[in-house]
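Comments concern the structure below.
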Amino acid sequence: MFLIVCYLAIIFFPAVILFFEKTSAQYVETHFFNIRVVKIFFNTVMVGFLSSLLAVIMGVIAGYMFEMVKVPGKKIFFPICLMPLFIPPYISAIAWTKLLGSNGVINNAIMELFNLSQPLFAIYNPVGLIFVLSLSFFPFALVLTISGIRSLNFHLIEAARLTVRESKILRGIILPSLKPYIFAAFLLVFVLTMSSAAAPELLRVSVYALEVCVQFAAYNSLKNAMLISLPMIFFTVLLGFLLAKFLGKRPIINFTPGYRVMKKSESRSLRLFSFFFFSFTSFILLLPFTVLIRGVGTLGIFLAELKMSWPEIINSIFLAVLGASFTVIFALVICGGIIYLRRSALGKVLNITIFIPLAISGPIYALGLIKIFNASHFGIFFGTFIPLICLSILRFHPYLVRILVDAMRGIKKEITEAAYLVRANAYTRFCKIVVPLLKPFVLIAWFFCFLLIFQELSGGILLTPPGESTLAMRIEVLMHYGAYERVASLCLMEIFIPLFLLLLIFPFVKIKS
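Residue numbers for the sequence shown follow numbering that gives the first Met the number 0, so the first one is 0 and each next one is one higher.
Pasting the structure below:
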């Protein structure tokens with residue numbers, strides 16, 4: 000019970016503290032119920048809904064093809080489809096503005112080819128934002144779809160293949176069984192789009208997360224920012240509960256090794272469709288990356304910017320390493336509570352509330368932490384990286400908890416029950432048995448958290464200490480000066496550094512069945 004109370008206090012306090020800002024009824028009516036704020040709210044919901052819908056459609060198709068069809072070139076296509084995980088939405092938005100902007104490469108080529116006076120495509124609108132966000136977040140839908148398919152009863156599918164076509168199996172067995180995963184993927188992407196602020200800023204689309212930052216950073220009004228954030232908190236927390244309901248105890252990443260026993264479909268039409276689908280998708284996903292490489296110009300520009308940005312790189316790596324390490328420790332504690340309280344009502348409450356932090360955006364958590372660390376008792380920590388580390392723990396621990404809990408549930412009960420018979424207490428069983436078996440999964444979770452913190456911008460821009468900066472913030476600053484060669488160099492650094500780290504730790508990730 001004490002663990003549950005402490006956890007709820009930790010995750011809710013920075014957001015709940017926003018309710019205690021003193022405001023008059025007239026002030027609330029003026030700044031909350033005006034037509035502009037209402038339009039921003041509906042604009043945010045529309046962008047989130049359509050981005051999630053498009054991302055889920057792409058993810059479900061790709062996941063089905065990878066798991067159920069013998070795809071030509073799967074070893075090439077699969078890593079490319081996961082590549083958006085290494086490219087944050089704001090970097091993708093920067094690249095697409097150079098392609099589909101008013102003076103973009105694609106628009107200029109079409110205007111010259113067809114002798115047009117106006118650009119054919121426009122990226123600076125909600126449609127452009129939906130396009131960018133759906134491409135950035137569709138790997139989450141892909142991973143959830145793959146996990147859902149791997150959890151199916153393959154004997155049932157193989158028996159059905161003896162009598163009916165693949166299309167009937169898809170409609171009658173696979174899609175109905177995948178409904179919880181599809182809804183969970185939709186809600187997860189919806190939550191991620193709701194909390195995105197950097198990409199909307201670059202594409203000039205007003206959304207709630209961006210408006211919170213604008214009210215605080217541009218107008219220097221903490222009260223307005225807090226007031227505007229309240230409906231977003233209510234709405235996204237509701238999404239968090241829905242996400243918990245649909246996903247439940249289903250794994251986000253399925254580590255079951257036995258799925259390979261099922262024979263994949265060798266239908267000629269499906270294989271041809273999958274090849275063209277993944278070829279087109281890979282082209283769309285690789286296009287921004289090639290634009291960034293071309294935008295750098297020469298190797299000399301890249302090396303010069305690398306030298307100038309060395310302090311920001313060190314700050315980003317230092318913050319990501321510390322934040323990921325503390326977040327993993329925090330997540331392991333919560334995992335222990337979920338596993339050992341799984342049969343009680345408290346365990347069920349903890350398993351549901353773990354999704355709520357995903358629904359609270361970075362700017363909202365940042366505002367709550369600013370108010371906390373501005374208090375006299377915590378003022379000594381303001382101006383350091385401690386608020387940023389706290390932000391990382393609050394925002395990103397749910398991903399790690401779900402990865403580690405899914406791995407814990409795969410540990411054979413006989414191992415822990417044998418330790419229980421020799422009267423080993425819960426702490427000993429967790430530290431001496433569970434944690435060593437979880438080493439590869441802890442490494443995966445740590446790297447994923449490092450990646451998220453390294454790319455963080457929306458909340459970090461409000462909490463970064465004066466005189467300090469990160470790589471993401473340097474990209475944000477240089478974008479406003481039009482130094483595209485330098486911005487492209489920084490974007491490539493933000494992609495290559497986590498990839499280089501992944502290559503270093505990959506040999507140590509050995510998952511055994």
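For glycine and all other residues, C-beta sits at the position ideal for the given N, C-alpha and C.
Predicted, not measured: the structure shown is a model, and the values here were computed from it.
Inclusion of serine 194 and glycine 361 in the CB contact set at 8 angstroms is warranted, their separation being smaller than that value.
Contact annotation, leucine 461 with leucine 477: C-beta distance approximately 19 angstroms; criterion of less than 8 angstroms not satisfied. Between serine 50 and isoleucine 129, the alpha-carbon positions lie close to 5 angstroms from each other.
Taking one beta carbon from each stretch, the stretch 380-393 and the stretch 315-329 have 3 or more pairs nearer than 8 angstroms; the two touch.
Residue burial annotation: arginine 164 is exposed, with fewer than 16 other C-beta atoms found within 10 angstroms of its C-beta. Residues Val70, Phe277 and Ser281 of the same chain have their beta carbon placed closer than 7 angstroms to that of phenylalanine 76, with the five preceding and five following residues left out of the count. Taking 8 angstroms as the cut-off, the Cβ atoms of phenylalanine 139 and leucine 187 count as close.
Nearest Cα to valine 434 within the set Cys334, Lys167, Leu470 and Leu456: Cys334.
Taking one beta carbon from each stretch, the stretch 281-291 and the stretch 73-93 have 3 or more pairs nearer than 8 angstroms; the two touch. Distances from the CA of isoleucine 402 to each of Pro386, Lys438 and Gly367 were compared; the closest alpha carbon is that of Lys438.
Take alanine 159, set aside five residues on each side of it, and the residues of its chain with a beta-carbon closer than 7 angstroms to its own are Ile168 and Ile172, in chain order. Glutamate 210 sits close to isoleucine 39, with the two beta carbons spaced by under 8 angstroms. Sequence-distant partners of isoleucine 148 (beyond 5 residues in either direction) whose C-beta falls short of 6 angstroms from its own C-beta, in its chain, are Glu66. Excluding sequence positions up to five before and after isoleucine 338, its CB lies within less than 6 angstroms of the CB of Met407, all in the same chain and listed in chain order. Collapsing the DSSP output to three states places serine 264 in a strand. Taken atom to atom, the span from the alpha-carbon of valine 190 to that of glycine 47 is near 8 angstroms.
Under the DSSP assignment, glutamine 454 falls in the alpha helix (DSSP H) whose first and last residues are 438-454. Counting along the chain, valine 190 sits inside the alpha helix (DSSP H) bounded by residues 174-193.
By the neighbour-count criterion, in which a residue is buried when 16 or more other Cβ atoms sit within 10 angstroms of its Cβ, arginine 473 is buried.
Residue pairing of valine 400 in beta bridges, as defined by DSSP: absent, with no partner found.
Valine 68 is positioned such that its CB atom lies closer than 8 angstroms to that of leucine 269. Taken in chain order, the whole alpha helix (DSSP H) runs of length 4 or more contained in the stretch 261-325 are 267-295 and 298-307. 8 angstroms or more divides the Cβ of valine 59 from the Cβ of threonine 162.
The DSSP-derived three-state label of valine 204 is coil. Around the beta carbon of asparagine 106, a 10 Å sphere encloses 16 or more other beta carbons of the protein chains shown; the residue is thus reported as buried.
When secondary structure is reduced to three states using DSSP, valine 68 falls in the strand class. Between the beta-carbon of leucine 99 and that of phenylalanine 120 there is about 5 angstroms, and that keeps the pair under the 8 angstroms contact cut.
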